[in-house]
């Protein structure tokens, strides 16, 4: 298992698969290399690309260095790009999409950027997500990770019957170990979850070709946000993956990413 030291000294663990142009995959909340969508996506992309999938700080086999700051997570991504020779394409899911956007602002070596369903709230399709983050932090401070998980999963729209079932599966124990990193995700996304339109000035530095993706069966508030994000980014197209939800299938998204990272043309947006 290769590792690197981020500028603040934190050890970041990663895997490197395949060969070809470099791509870095950035996970969302409650995911790491051993759990979540990125490793299946990496295996499919590895047929044509050198793919790095890593444990974000505080997760899996990576270390952590308090106090947390989003800028430190950005430095982790930029350090991975440097390991790959100084240039790479990025793909981020959910809160990882917000992190990838920040990295693309700060590194001239980002060649292309693809993001899937950054959990922004840009209109009144759903209430703002504000108090939920406060409850998550308080639950963790009180030693109640289960309550933090329930609050987070409810805030992103998980139905109560499914949440009830998850708490009774072995997966819940693994999620509990990742719960302390939820405030990290909150620090990346909560200022974009207040129901206000996105500002073009926020994203002016993301000049690279960008593909903004969502699922055709995802919540309306998330789809509205992705269309709005594509509208304010300097060089972006919006594309919907039919039949997909926030729990994206590697088989559905990997071919779209492979085509986008290989081509100078951004796929045209899907209807609707």
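In the working numbering, the protein residues as written are 82 to 353. Note that beta-carbon positions come from the ideal geometry of N, C-alpha and C, so glycine has one too.
| Check | Outcome |
| --- | --- |
| Run of the alpha helix (DSSP H) containing residue 289, from where it starts to where it stops | First-last for residue 289: undefined, no H or E at that position. |
| Span of the alpha helix (DSSP H), counted from its first residue to its last, around residue 184 | 176-187 |
| Beta-carbon spacing of residue 250, residue 230 below 8 Å | no |
| Identity of the residue in 226, 232, 199 and 263 nearest residue 212 by Cα | 232 |
| Unbroken alpha helix (DSSP H) run spanning residue 248, endpoints | Per DSSP, residue 248 belongs to no alpha helix (DSSP H) and is neither H nor E. |
| Option nearest residue 269 by Cα separation, candidates 261, 312, 200 and 227 | 200 |
| Reduced DSSP category for residue 145 - H, G, I as helix; E, B as strand; rest coil | coil |
| Enclosing alpha helix (DSSP H) for residue 305 [first to last residue] | 301-313 |
| Nearest to residue 89 (by Cα), restricted to the options 246, 158 and 135 | 158 |
| C-alpha gap between residue 353 and residue 271, whole angstroms | Residue placement at residue 353 cannot be trusted, given a pLDDT of 45 that sits under 50; what the coordinates show is reported in the next sentence. Their backbone Cα atoms lie some 27 Å apart in a straight line. |
| Residue range of the beta strand (DSSP E) that includes residue 121 | From DSSP, residue 121 is part of no beta strand (DSSP E) but of the alpha helix (DSSP H) over 119-126. |
| Close Cβ partners of residue 296 (< 6 Å) along its chain, the five nearest in sequence each way excluded | 322, 325 and 326 |
| For residue 371, the first and last residue of its enclosing beta strand (DSSP E) | An answer regarding residue 371 cannot be provided, because it is not within the stretch 82 to 353 covered by the chain. |
| Status (buried if at least 16 other CB within 10 Å, exposed otherwise) for residue 173 | buried |
| Pairwise C-alpha distance: residue 170 and residue 339 | 11 Å |
| Beta-carbon separation (whole angstroms), residue 95 vs residue 161, contact threshold 8 Å | 6 Å |
| Spatial distance of residue 204 from residue 274 (CA atoms) | 9 Å |
| Cα-Cα separation between residue 206 and residue 100, rounded to whole angstroms | 43 Å |
| Reference residue 175; option with closest CA among 263, 121 and 129 | 263 |
| Three-way DSSP call (helix, strand, coil) for residue 93 in this model | strand |
| Coil, strand or helix - residue 243 by DSSP | helix |
| Cβ pair count under 8 Å reaching 3, the stretch 290-308 against the stretch 186-197 | yes |
| Spatially closest choice to residue 253 from 111, 236 and 302, by CA coordinates | 111 |
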